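Numbering (full-length UniProt numbering), first residue to last: 1 to 125.
Virtual Cβ for every residue (Gly too), placed ideally from N, Cα, C.
In this text the structure is predicted, and so the values were computed from the model without any measurement.
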């Protein structure tokens, strides 16, 4: 335990909070260009081919982002909007790509949770 004199000389060090999405630099979203679009497999108990993209952001960071929903139209050089949010079973994937924004289309024939997948309201029959 420090003495009063030691505290006067040095003071207490405030613990710095580490960001979960450092490449965003405190922005809600960032624009970027896809450099590679590919599939990868999740960690142990799960099995799938998850769609991910390597994105070069406008601030120079290169991040791996997850493409949610069924089917997508992304390819190399597509311009996308990236938000924070990790994918628990994909190591190194700490960002999501926003559906229905810039070059990425919304999910086709989506009826529920439409706002998360950039799907327009279906027409009444």
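Cα-Cα, which of the options is closest to residue i?
{"i": "residue 83", "options": "76, 110, 68, 10", "result": "68"}
{"i": "residue 55", "options": "90, 18, 72, 96", "result": "96"}
{"i": "residue 23", "options": "43, 120, 64", "result": "64"}
{"i": "residue 51", "options": "61, 44, 34, 57", "result": "34"}
{"i": "residue 60", "options": "88, 30, 86, 89", "result": "30"}
{"i": "residue 116", "options": "124, 100, 109, 122", "result": "100"}
{"i": "residue 90", "options": "45, 15, 58", "result": "45"}
{"i": "residue 43", "options": "73, 9, 92", "result": "92"}
Opposite residue i in the DSSP bridges: which residues?
{"i": "residue 65", "result": "53, 95"}
{"i": "residue 71", "result": "DSSP output for residue 71 lists no bridge partner at all."}
{"i": "residue 36", "result": "54"}
{"i": "residue 104", "result": "101"}
State the DSSP-derived secondary structure class of residue i, mapped to helix, strand or coil.
{"i": "residue 29", "result": "strand"}
{"i": "residue 14", "result": "coil"}
{"i": "residue 19", "result": "coil"}
{"i": "residue 5", "result": "helix"}
{"i": "residue 121", "result": "coil"}
{"i": "residue 110", "result": "coil"}
Under 8 Å, Cβ to Cβ, is there at least one residue of chain B near residue i?
{"i": "residue 109", "result": "Absent here is chain B; the protein component of the structure consists of one chain."}
Need the endpoints of the beta strand (DSSP E) that residue i sits in, please.
{"i": "residue 81", "result": "79-84"}
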